[in-house]
Amino acid sequence: MRLQGKVVLVTGAARRVGRCIASALGERGARLALHYNKSRREALSLAADIKEGFGRDAEVFQADLADPRAAARLADAVGKRFGAIHALVNNASVYEVNRFGRTSQKDWDRHLDVNLRAPFFLCQAAAPWMREAGGGRIVNIGDWAGQRPYTDRIPYCVSKAGLIALTTALAKELAPDIQVNAILPGAVLLPDDYPPRKKAAVVAAAPLKRLGTPRDVAEAVVFLVENGDFITGAALPVDGGRLIA
Ligand SMILES: NC(=O)c1ccc[n+]([C@@H]2O[C@H](COP(=O)([O-])OP(=O)(O)OC[C@H]3O[C@@H](n4cnc5c(N)ncnc54)[C@H](OP(=O)(O)O)[C@@H]3O)[C@@H](O)[C@H]2O)c1
């Protein structure tokens with residue numbers, strides 16, 4: 038699918054990895070629906086950058102994806118505003134430490150609601166728009182830890198494991214019109230407060246012996262949307278080899 042002029046909804050687009058994904062899609066000529074929850078200022082500045090830098094249409098949409106109805110409402114609002122949705126990137130995510138024995142039901146629900154339930158309902162609401170447009174692409178941003186869960190963040194790891202299962206199920210459900218794939222990043226952008234000692238351990242654990250970059254993830258998204266014509270149901274690690282270590 039050529040991205041030129043296509044409408045792409047990116048969730049969690051205002052900051053960090055999502056911002057880089059949205060910029061890379063804008064650079065390729067996509068018209069962008071930029072979802073944010075709290076980062077309104079950053080979302081508006083990204084929309085302005087995309088309009089000025091690439092001359093593309095870019096609009097911001099607020100939604101708290103922990104709200105069960107917000108995902109479907111978001112997809113419908115985007116479809117109505119642009120008249121189409123060609124691709125969806127499920128990037129928004131909660132990533133919190135939850136130690137075993139001290140994890141609450143709220144912790145569990147927050148991760149599963151935002152990282153797994155919302156992508157499902159976004160896909161369900163976006164699929165009719167994609168079919169009407171003659172086909173579509175969905176890219177779910179998972180995590181290598183969805184296949185190799187670690188401790189201290191079990192709700193997060195389980196939500197990402199579920200997202201990989203969702204990718205497979207939806208790839209079957211939505212074929213042949215809509216292709217659904219996942220990207221499994223390794224460490225590409227650590228939280229701002231990540232301790233230096235832990236950062237060194239993360240670097241050492243990947244066979245390529247470095248952190249990735251948000252651009253590595255963005256390039257994989259662009260590839261799956263633009264060139265992955267015969268790819269569906271795949272979970273593509275972009276992790277410096279972390280999964281095979
Ligand atoms: N960073 C990495 O190294 C890494 C590694 C492996 C996988 N990943 C995956 O890659 C993706 C992007 O990573 P990241 O580090 O850039 O993510 P992030 O900064 O942790 O979160 C991305 C965005 O998710 C949005 N979000 C959080 N709670 C939300 C809610 N209740 N409703 C709606 N949106 C909500 C936030 O939007 P607002 O700011 O607008 O509130 C936030 O900016 C995620 O899916 C992550 O799991 C990242």
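If you're matching positions, the sequence shown starts at 38 in this note's numbering and goes up one per residue.
Heads up, the beta-carbon is just placed ideally off N, CA and C, and yes, glycines get one too.
Small disclaimer: the values here were computed from a predicted structure and weren't measured.
- Taking 3 residues as the shortest admissible run, the region 133-184 contains the following complete beta strand (DSSP E) segments, listed from N- to C-terminal end: 173-178.
- Secondary structure at R78: helix, using DSSP grouped into helix, strand and coil.
- Proximity to T250 across L46, K43, Q41, G55 peaks at G55, based on C-alpha coordinates.
- D101 and F158 have their alpha carbons spaced roughly 13 Å apart.
- Relative to ligand 1, even the nearest heavy atom lies 7 Å or more away from the CB of V259.
- The C-beta distance from N74 to N127 rounds to 14 Å, too long to meet the 8 Å contact threshold.
- About 19 Å separates the Cβ atoms of D180 and R136, ruling out a contact at the 8 Å cut-off.
- Under the criterion of beta carbons closer than 8 Å, G183 and L200 qualify as touching, at roughly 6 Å.
- P222 has its Cβ nearer than 7 Å to a heavy atom of ligand 1.
- Proximity of the beta carbon of G66 to ligand 1 is not indicated: no heavy atom of the ligand is located closer than 7 Å.
- The C-beta of A255 has 16 or more other C-beta atoms within 10 Å across all chains shown, which makes the residue buried.
- In this structure, L40 places its C-beta atom within 8 Å of the C-beta atom of E263.
- Rounded to whole angstroms, the separation of the alpha carbons of I220 and K246 is 20 Å.
- With fewer than three CB-CB distances shorter than 8 Å, the region 140-155 does not count as touching the region 112-125.
- Collapsing the DSSP output to three states places R56 in a helix.
- Inclusion of A61 and I122 in the CB contact set at 8 Å is not warranted, their separation being larger than that value.
- With a contact defined as Cβ atoms closer than 8 Å, I58 and V217 miss out at about 16 Å.
- Rounded to whole angstroms, E79 and T269 show a C-alpha spacing of 32 Å.
- Going by C-alpha positions, G42 is about 14 Å away from R174.
- DSSP, read as helix, strand or coil, puts R110 in helix.
- Rounded to the nearest whole angstrom, the CA to CA distance from S82 to W166 is 27 Å.
- By the 16-neighbour rule on beta-carbons within 10 angstroms, R279 is buried.
- Beyond the five residues adjoining it in sequence on each side, A109 comes within less than 8 Å, by CB distance, of F158, L159, Q161, A162 in the same chain, given in chain order.
- Sorting H72, G277, R118, P105 by C-alpha distance to the C-alpha of R52 places H72 at the top.
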